[in-house]
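S.K.:
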Amino acid sequence: MYYEIRRYQAQPGLREEWVRYMEGVVIPFQTLLGMDVTASFVDDQDQDGYVWIRRFEDEAQSKALYKAVYDHDRWKNEIGPAVNALLIPEKTVVTRVVPTSASPLR
783 MYYEIRRYQA QPGLREEWVR YMEGVVIPFQ TLLGMDVTAS FVDDQDQDGY
833 VWIRRFEDEA QSKALYKAVY DHDRWKNEIG PAVNALLIPE KTVVTRVVPT
883 SASPLR
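To get this note's numbering, take the position in the sequence shown, counting from 1, and add 782.
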């Protein structure tokens with residue numbers, strides 16, 4: 783099992799709009815397709831920063847969920863373009879982490 787920590791940079795001044803879209807559209811859509819979204823944060827030290835975390839059982843599940851979400855017509859035609867308009871895509875940082883044996887997230 784592992785987590786994916788995704789750090790995004792909203793377009794300047796659009797973080798509130800991004801969070802509304804993320805929590806009102808993106809997270810519900812991905813959750814409906816089976817994605818396990820475990821957290822959503824705004825960066826307290828960066829007015830345009832946003833972080834969210836997803837959990838995967840293994841690589842096979844990750845690949846299947848990525849395909850279900852990102853190959854979906856709604857993602858391609860509606861959600862993906864809106865995401866790209868609200869974020870600075872080239873500033874996205876994705877970190878894959880595995881909880882230690884003492885982690886409560888294990």
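The beta carbon of each residue, even a glycine, is placed where N, CA and C say it ideally should be.
(1) Using only the alpha-carbon positions, how far apart do A884 and K849 sit?
(2) With a cut-off of 8 Å, do at least 3 Cβ pairs link the region 789-808 to the region 851-871?
(3) Could you tell me whether the Cβ atoms of A864 and Y803 are closer together than 8 Å?
(4) Determine the contact status of I787 and V833, defining contact as a CB-CB distance below 8 Å.
(5) Quick one: what's F823 bridged to in DSSP?
(6) Taking the continuous alpha helix (DSSP H) assigned at I809, which residues delimit it?
(7) Which residue or residues does DSSP assign as beta-bridge partners of Y848?
M.R.: To lay it out plainly:
(1) One C-alpha to the other measures close to 32 Å.
(2) Three or more Cβ pairs closer than 8 Å define a contact, and the region 789-808 meets that threshold against the region 851-871.
(3) Contact flag set, yes.
(4) Taking 8 Å as the Cβ cut-off, I787 and V833 qualify as a contacting pair.
(5) In DSSP, F823 forms a bridge with V833.
(6) In the DSSP assignment, I809 falls within the alpha helix (DSSP H) that extends over 809-814.
(7) Secondary-structure assignment with DSSP links Y848 through no beta bridge to anything.
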